[in-house]
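Colleague:
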Amino acid sequence: MTKRQPKDLALRQQNEYLEALHETTLALMKRLDLADFLQTLVTRAAPLLRTEHGYVSLVEPERGGVEIKVGIGLFRHYLGYTSMPGEGLTGKVWQTGQLVVVDNYDHWAERSPHFDYNVVGAVVGLPLKSAEEVVGVLGVAYTPDSPQQFSQDELELLDRFAQLASIALDNARLYTAMQRELSQRQQAVEALQESELRYRRLIELSPEMIAVHSEGRFVYINPAGLKLLGAKSLEELVDRPILDIVHPDYRELVSLRVRKMQEEGAQVNLLEEKYLRLDGQIIDVEVTATPITYAGKPAVQTVVRDVTQRKQTETELQRAKEAAEAANRAKSQFLANMSHELRTPLNAIIGYSSLLYEEVEEVGPAEFIPDLKKIHTAATHLLQIINDVLDLSKLEAGQLELHQESFDLGMLVNNIVTTVKPLVEQKGNTLEVRCPDHLGILYADQVRLRQVLLYLLSNAAKFTENGVITLTVERMKVAERGGKMKKEGENFILHPSDFILFKVSDTGIGITPNQVDHIFQAFTQADISTTRKYGGVGLGLVISQRLCQMMGGKITVQSEPGRGSTFTVHVPVVAVPGPV
Amino acid sequence: MIKILLVEDNETNRDMLSRRLARKGYEVIIAVDGAEGVNAARQQAPDLILMDMSLPVLDGWEATRQLKDEVATQHIPIIALTAHAMAGDREKAIEAGCDEYETKPVEFQRLLSKIEALLNGNPGSYKESFQP
Numbered sequence: 000m001t002k003r004q005p006k007d008l009a010l011r012q013q014n015e016y017l018e019a020l021h022e023t024t025l026a027l028m029k030r031l032d033l034a035d036f037l038q039t040l041v042t043r044a045a046p047l048l049r050t051e052h053g054y055v056s057l058v059e060p061e062r063g064g065v066e067i068k069v070g071i072g073l074f075r076h077y078l079g080y081t082s083m084p085g086e087g088l089t090g091k092v093w094q095t096g097q098l099v100v101v102d103n104y105d106h107w108a109e110r111s112p113h114f115d116y117n118v119v120g121a122v123v124g125l126p127l128k129s130a131e132e133v134v135g136v137l138g139v140a141y142t143p144d145s146p147q148q149f150s151q152d153e154l155e156l157l158d159r160f161a162q163l164a165s166i167a168l169d170n171a172r173l174y175t176a177m178q179r180e181l182s183q184r185q186q187a188v189e190a191l192q193e194s195e196l197r198y199r200r201l202i203e204l205s206p207e208m209i210a211v212h213s214e215g216r217f218v219y220i221n222p223a224g225l226k227l228l229g230a231k232s233l234e235e236l237v238d239r240p241i242l243d244i245v246h247p248d249y250r251e252l253v254s255l256r257v258r259k260m261q262e263e264g265a266q267v268n269l270l271e272e273k274y275l276r277l278d279g280q281i282i283d284v285e286v287t288a289t290p291i292t293y294a295g296k297p298a299v300q301t302v303v304r305d306v307t308q309r310k311q312t313e314t315e316l317q318r319a320k321e322a323a324e325a326a327n328r329a330k331s332q333f334l335a336n337m338s339h340e341l342r343t344p345l346n347a348i349i350g351y352s353s354l355l356y357e358e359v360e361e362v363g364p365a366e367f368i369p370d371l372k373k374i375h376t377a378a379t380h381l382l383q384i385i386n387d388v389l390d391l392s393k394l395e396a397g398q399l400e401l402h403q404e405s406f407d408l409g410m411l412v413n414n415i416v417t418t419v420k421p422l423v424e425q426k427g428n429t430l431e432v433r434c435p436d437h438l439g440i441l442y443a444d445q446v447r448l449r450q451v452l453l454y455l456l457s458n459a460a461k462f463t464e465n466g467v468i469t470l471t472v473e474r475m476k477v478a479e480r481g482g483k484m485k486k487e488g489e490n491f492i493l494h495p496s497d498f499i500l501f502k503v504s505d506t507g508i509g510i511t512p513n514q515v516d517h518i519f520q521a522f523t524q525a526d527i528s529t530t531r532k533y534g535g536v537g538l539g540l541v542i543s544q545r546l547c548q549m550m551g552g553k554i555t556v557q558s559e560p561g562r563g564s565t566f567t568v569h570v571p572v573v574a575v576p577g578p579v
Numbered sequence: 000m001i002k003i004l005l006v007e008d009n010e011t012n013r014d015m016l017s018r019r020l021a022r023k024g025y026e027v028i029i030a031v032d033g034a035e036g037v038n039a040a041r042q043q044a045p046d047l048i049l050m051d052m053s054l055p056v057l058d059g060w061e062a063t064r065q066l067k068d069e070v071a072t073q074h075i076p077i078i079a080l081t082a083h084a085m086a087g088d089r090e091k092a093i094e095a096g097c098d099e100y101e102t103k104p105v106e107f108q109r110l111l112s113k114i115e116a117l118l119n120g121n122p123g124s125y126k127e128s129f130q131p
């Protein structure tokens with residue numbers, strides 16, 4: 000550099016600076032691309048101080064440091080170099096927000112330890128600010144071998160330059176941010192379009208009717224909807240009032256529902272309505288509706304399902320059910336009537352024959368007594384048969400109901416024994432009873448249980464002569480595991496899952512294995528000869544078995560022809576009605 | 000003589016029962032419907048009442064309730080006679096206030112022992128024990 004007159008030098012230099020400054024500023028203002036801008040910035044700033052070495056660093060908040068983005072001259076090699084706050088020249092400028100000038104970098108106490116020696120001589124750093132915040136650092140340097148120093152004037156001009164550059168930088172940054180946002184928006188728009196396309200396709204394909212209406216008129220109906228309403232094209236229905244396709248009886252209701260739904264802003268599900276197809280046919284529908292916005296206006300989107308078929312089926316089922324119930328009631332009434340009609344005259348026969356028998360015993364001719372007894376016996380027998388037939392009819396018709404209650408088992412057994420004893424002793428048989436004390440309470444149909452046991456005992460008596468008939472009552476505990484039955488000892492606290500076993504044994508004629516298969520069937524006795532000899536119609540066992548099953552139990556039989564038979568009735572302590 | 004009021008609408012049943020009771024030494028008064036039965040009970044003060052449950056004019060349950068409500072007739076034991084066609088008959092009889100219960104067709108001996116038990120001041124035991 001040549002020496003000049005201080006005054007001239009200052010003036011000329013100033014002019015040069017101002018010109019360069021002006022040009023640079025203009026140039027900078029035009030550059031909106033950030034990278035471009037930074038490059039221009041440093042390329043213009045360095046010559047202002049007659050050097051070719053400069054850099055621009057920008058603060059990277061994510062990385063917590065300030066990073067060299069562009070560098071010219073020696074700083075070409077330092078791109079990406081990052082300083083922490085306060086570290087080195089750049090760090091200090093960042094931290095202080097002030098211009099920092101160092102005449103001899105290598106001798107500077109605060110030099111960055113990462114920076115090489117003998118690279119930078121004199122250097123100045125200027126803050127680039129956005130509002131009051133430092134967003135970057137502009138650095139200009141001389142190499143160590145250069146004799147140049149920064150003069151005060153130069154530094155001032157540089158400072159002004161940096162300020163103007165700051166504004167320009169702001170612009171550039173804003174521009175970049177804007178570009179990024181635009182790009183993102185563009186992506187978002189594309190994604191939305193794609194999503195809309197998918198949604199649209201879904202609606203078009205849906206087998207359910209989907210429609211949109213706004214301000215009481217249709218704006219859109221999908222193909223399934225057009226088909227449901229009997230329209231050939233959307234044109235037939237678009238813009239038409241929705242109430243056009245609603246059945247007159249439902250129009251008020253639908254209007255009310257739409258209004259209410261829009262007020263509350265909540266979806267409504269599966270409302271039943273009636274629609275009118277374009278050809279006049281009435282269809283039953285199930286509608287789900289939700290408020291939406293369509294073309295900026297409040298609208299309603301509906302999904303409609305045709306339930307005409309289902310409703311028809313429901314109606315038919317209902318009718319069938321009512322018919323079945325009526326038939327059932329008729330059946331029940333018939334059986335009740337039959338019962339009454341049959342029993343009434345029979346009771347008269349039984350009653351009067353008893354009456355006569357008793358009177359004759361007291362006063363009358365003794366010869367009449369056997370005849371009267373026979374009438375009484377026959378009538379009683381007939382009553383039994385009638386009762387059996389009626390019971391079986393009821394069972395077959397599913398009309399027989401169990402009447403369950405809690406009762407003392409011991410008392411039941413006593414009662415049965417008292418009733419059946421005379422019958423048993425008639426044929427020279429003895430009745431043995433093995434029944435523990437304090438058996439406990441049973442919950443079952445007492446009447447029916449008595450019926451079963453009396454039947455088995457009288458049957459045993461019928462087929463045995465001068466023998467022994469034994470009634471054994473036991474409690475059986477159901478084992479915890481595997482549900483297998485196993486006997487228990489003396490503990491008689493009944494558990495609901497326990498069973499009571501009634502065993503009726505006789506020493507009578509017994510039943511052959513072949514016959515065992517049939518005895519539980521209606522209308523068969525063991526064989527015809529037994530019927531002749533012992534009488535009976537053969538309903539008792541069937542009825543007894545069914546009754547036991549209804550109570551959740553069963554009857555089993557063991558027999559040896561010529562030796563005798565044992566019938567075992569299993570009844571749960573708490574009878575739970577089972578299938579017949 | 001012990002007076003038994005028999006409230007029964009069926010002629011045959013009435014005939015049979017009253018004759019047998021008479022032969023056993025009881026004085027038998029007859030009523031053919033519920034209303035008549037209530038009146039007879041009030042006016043004639045029987046020692047025991049045999050009440051058929053299904054009666055015309057006033058049914059047996061209602062008649063029983065009325066009699067059990069009135070001070071004059073409360074103490075008279077009532078044996079309900081019912082056909083036991085329906086499952087709930089027994090409950091109804093108990094609820095109405097009957098002291099004992101017999102199903103038709105009546106087993107005469109059994110009925111006699113119940114009558115004797117009630118007349119001797121034994122309370123109706125059927126509520127706890129079994130009675131078919």
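In order, the protein sequences belong to chains A and B.
Residue numbering for the first sequence follows numbering that gives the first Met the number 0, starting at 0 and increasing by one per position.
Residue numbering for the second sequence follows numbering that gives the first Met the number 0, starting at 0 and increasing by one per position.
Ideal Cβ placement from N, Cα and C applies to all residues, glycine included.
Note that this is a predicted model, so its numbers are computed, not measured.
Can you give the Cα-Cα distance for THR102 of chain B and GLN308 of chain A, rounded to whole angstroms?
Modeller: In the second sequence, residue 102 of chain B corresponds to position 103, counting from 1. In the first sequence, residue 308 of chain A corresponds to position 309, counting from 1. When rounded, the distance between both Cα atoms is 54 Å.
Colleague: In chain order, which continuous runs of the alpha helix (DSSP H) of length 4 or greater are located wholly inside the region 4-32 of chain B?
Modeller: You should have 10-22.
Colleague: So the candidates are A:GLY509, A:GLN514, A:HIS517, A:VAL570; which of them puts its Cα closest to the Cα of ARG562 of chain A?
Modeller: Mapped onto the first sequence, residue 562 of chain A falls at position 563. Closest by alpha carbon: A:GLY509.
Colleague: Is the Cβ of MET15 of chain B closer than 9 Å to any Cβ of chain A?
Modeller: For the purposes of this step, residue 15 of chain B is identified with residue 16 of the second sequence, where counting begins at 1. Interface residue, yes.
Colleague: Please compile the residues from chain A whose C-beta is within a distance smaller than 9 Å of the C-beta of THR11 of chain B.
Modeller: On the second sequence, position 12 is the one that residue 11 of chain B refers to. Chain A residues near THR11 of chain B: THR343, PRO344, ASN346, ALA347, GLY350, TYR351.
Colleague: Can you confirm whether ALA82 of chain B, when its beta carbon is compared against all beta carbons of chain A, has any partner nearer than 9 Å?
Modeller: Numbered from its first residue, the second sequence carries residue 82 of chain B at position 83. Closer than 9 Å: yes.
Colleague: So for ALA130 of chain A, helix, strand or coil by DSSP?
Modeller: Walking along the first sequence from the start, residue 130 of chain A turns up at place 131. Coil.
Colleague: Under a Cβ-count criterion, where at least 16 other Cβ atoms within 10 Å of its own Cβ denotes burial, should GLN126 of chain A be classed as buried or exposed?
Modeller: Walking along the first sequence from the start, residue 126 of chain A turns up at place 127. At residue 126 of chain A the sequence reads Pro, which differs from the Gln that was named. So PRO126 of chain A ends up on the buried side.
Colleague: Within this structure, are the beta carbons of VAL41 of chain A and VAL69 of chain A separated by less than 9 Å?
Modeller: Residue numbering aside, residue 41 of chain A sits at position 42 when the first sequence is read from its first letter. Residue numbering aside, residue 69 of chain A sits at position 70 when the first sequence is read from its first letter. The answer is yes: Cβ separation under 9 Å.
Colleague: Determine whether the beta carbon atoms of VAL570 of chain A and PHE519 of chain A lie at a separation below 9 Å.
Modeller: Within the first sequence, numbered from 1, the residue matching residue 570 of chain A stands at position 571. Within the first sequence, numbered from 1, the residue matching residue 519 of chain A stands at position 520. Taking 9 Å as the Cβ cut-off, VAL570 of chain A and PHE519 of chain A do not qualify as a contacting pair.
Colleague: Please compile the residues from chain A whose C-beta is within a distance smaller than 7 Å of the C-beta of ARG18 of chain B.
Modeller: Indexing the second sequence from 1 puts residue 18 of chain B at position 19. Within 7 Å Cβ-Cβ: LEU354.
Colleague: Taking the C-alpha atoms as reference points, what is the distance between VAL257 of chain A and VAL299 of chain A?
Modeller: To locate residue 257 of chain A, count along the first sequence from 1; it is residue 258. To locate residue 299 of chain A, count along the first sequence from 1; it is residue 300. Approximately 8 Å, taken between the alpha carbons.
Colleague: Whole angstroms are fine: how far does the CA of LEU4 of chain B sit from the CA of ALA39 of chain B?
Modeller: Here the question's residue 39 of chain B lines up with position 40 in the second sequence. Here the question's residue 4 of chain B lines up with position 5 in the second sequence. Each residue's Cα considered, the two are about 8 Å apart.
Colleague: Would you mind telling me which residues of chain A sit closer than 9 Å to PRO104 of chain B, beta carbon to beta carbon, in chain order?
Modeller: As a first step, residue 104 of chain B must be located in the second sequence, where it is residue number 105. Within chain A, the residues near PRO104 of chain B are ARG342, LEU345, ASN346, ILE349, GLY350, LEU382.
Colleague: Compare the Cα-Cα distances from GLY124 of chain A to each of A:TYR116, A:LEU137, A:ASP444, A:ASN170 and report the closest residue.
Modeller: In the first sequence, the residue the question calls residue 124 of chain A occupies position 125. For the residues A:TYR116, A:LEU137, A:ASP444, A:ASN170, the minimum Cα distance to GLY124 of chain A belongs to A:LEU137.
Colleague: Mind checking GLY24 of chain B: buried by the 16 CB within 10 Å criterion, or exposed?
Modeller: As a working mapping, residue 24 of chain B is identified with position 25 in the second sequence. GLY24 of chain B comes out exposed.
Colleague: Can you have a look at PRO240 of chain A and say buried or exposed, based on whether 16 or more other CB atoms are within 10 angstroms of its CB?
Modeller: Translated into the one-based positions of the first sequence, residue 240 of chain A becomes position 241. PRO240 of chain A comes out exposed.
Colleague: Report yes or no: is there a C-beta of chain B within less than 9 Å of the C-beta of GLU271 of chain A?
Modeller: Residue 271 of chain A sits at position 272 when you count from the first residue of the first sequence. No, no contact with chain B.
Colleague: Check whether the region 275-285 of chain A touches the region 303-323 of chain A, counting contact only when three or more Cβ pairs, one atom from each stretch, lie closer than 8 Å.
Modeller: Yes, the region 275-285 of chain A touches the region 303-323 of chain A.
Colleague: If I measure Cβ to Cβ from ALA26 of chain A and keep anything under 8 Å in the same chain, skipping five residues before and after, which residues do I get?
Modeller: Reading the first sequence from its first residue, position 27 is the one you call residue 26 of chain A. Excluding positions up to five away in sequence, the list reads THR39, ARG43.
Colleague: Relative to the alpha-carbon of SER338 of chain A, which residue among B:LEU118, B:PRO104, B:ALA116 has its alpha-carbon at the smallest distance?
Modeller: Stepping through the first sequence from its first residue, residue 338 of chain A is reached at position 339. That would be B:PRO104, whose Cα lies nearest to the Cα of SER338 of chain A.
Colleague: With which residues is GLY135 of chain A paired in a DSSP beta bridge?
Modeller: The residue labelled residue 135 of chain A in the question sits at position 136 within the first sequence. Note: GLY135 of chain A sits in a beta bridge opposite A:LEU57, A:LEU127.
Colleague: Note down the Cα distance separating LEU73 of chain A from GLN97 of chain A, rounded to an integer number of angstroms.
Modeller: If you number the first sequence from 1, residue 73 of chain A lands on position 74. If you number the first sequence from 1, residue 97 of chain A lands on position 98. Looking at the two C-alpha atoms, the distance is approximately 24 Å.
Colleague: How should SER352 of chain A be labelled, buried or exposed, when 16 other C-beta atoms within 10 angstroms of its C-beta is the threshold for buried?
Modeller: Taking the first sequence and counting its residues from 1, the one referred to as residue 352 of chain A is at position 353. That one is buried.
Colleague: Decide yes or no for the touch test of the region 142-152 of chain A against the region 110-122 of chain A: beta carbon pairs closer than 8 Å, at least 3 of them.
Modeller: They touch, by the three-pair rule.
Colleague: Using the C-alpha atoms, what's the distance from SER457 of chain A back to GLN130 of chain B?
Modeller: Position 131 of the second sequence holds residue 130 of chain B. Position 458 of the first sequence holds residue 457 of chain A. Interpretation of GLN130 of chain B is limited by its pLDDT of 42, a score under 50 that renders its predicted location unreliable; the figure taken from the coordinates is listed afterwards. Their Cα atoms are separated by approximately 19 Å.
Colleague: By Cβ distance below 6 Å, which residues in the same chain neighbour LYS2 of chain B in space, the five residues on each side in sequence not counted?
Modeller: Mapped onto the second sequence, residue 2 of chain B falls at position 3. GLU26, PRO45, ASP46.
Colleague: With DSSP run on the structure shown, which of helix, strand or coil describes SER338 of chain A?
Modeller: For the purposes of this step, residue 338 of chain A is taken as residue 339 along the first sequence, with counting starting at 1. In the structure shown, SER338 of chain A sits in a helix (DSSP, three-state: H, G or I).
Colleague: Just checking, does the region 379-386 of chain A make contact with the region 410-417 of chain A on the three C-beta pairs under 8 Å criterion?
Modeller: Output reads no: the region 410-417 of chain A does not touch the region 379-386 of chain A.
Colleague: What does DSSP give as the partner residue(s) for PHE160 of chain A in the beta ladder?
Modeller: For the purposes of this step, residue 160 of chain A is taken as residue 161 along the first sequence, with counting starting at 1. Answer by DSSP bridge pairing: none, since PHE160 of chain A is not bridged.
Colleague: Using a Cβ-Cβ distance cut-off of 9 Å, determine whether GLU262 of chain A contacts chain B.
Modeller: In the first sequence, residue 262 of chain A corresponds to position 263, counting from 1. So no, GLU262 of chain A is outside the interface.
Colleague: Hey, is HIS375 of chain A's beta-carbon within less than 9 Å of any beta-carbon in chain B?
Modeller: Numbered from 1 along the first sequence, position 376 holds the residue referred to as residue 375 of chain A. No, HIS375 of chain A lies away from the interface with chain B (no Cβ there is under 9 Å from its Cβ).
Colleague: Residues in its own chain within less than 6 Å of LEU493 of chain A by CB, not counting five upstream and five downstream?
Modeller: Position 494 of the first sequence, counting from 1, holds the residue named residue 493 of chain A. With a pLDDT of 49 at LEU493 of chain A, under the threshold of 50, the modelled position of this residue cannot be trusted, and the question is left open.
Colleague: Would you say ARG64 of chain B faces chain A, with C-beta separation under 9 Å as the test?
Modeller: Translated into positions along the second sequence, residue 64 of chain B becomes position 65. By this cut-off, ARG64 of chain B is not an interface position.
Colleague: Ordered along the chain, which non-local residues of its own chain (more than five positions away) have a Cβ less than 8 Å from that of VAL253 of chain A?
Modeller: Position 254 of the first sequence, counting from 1, holds the residue named residue 253 of chain A. Around VAL253 of chain A: ILE241, LEU242, VAL245, GLU272.
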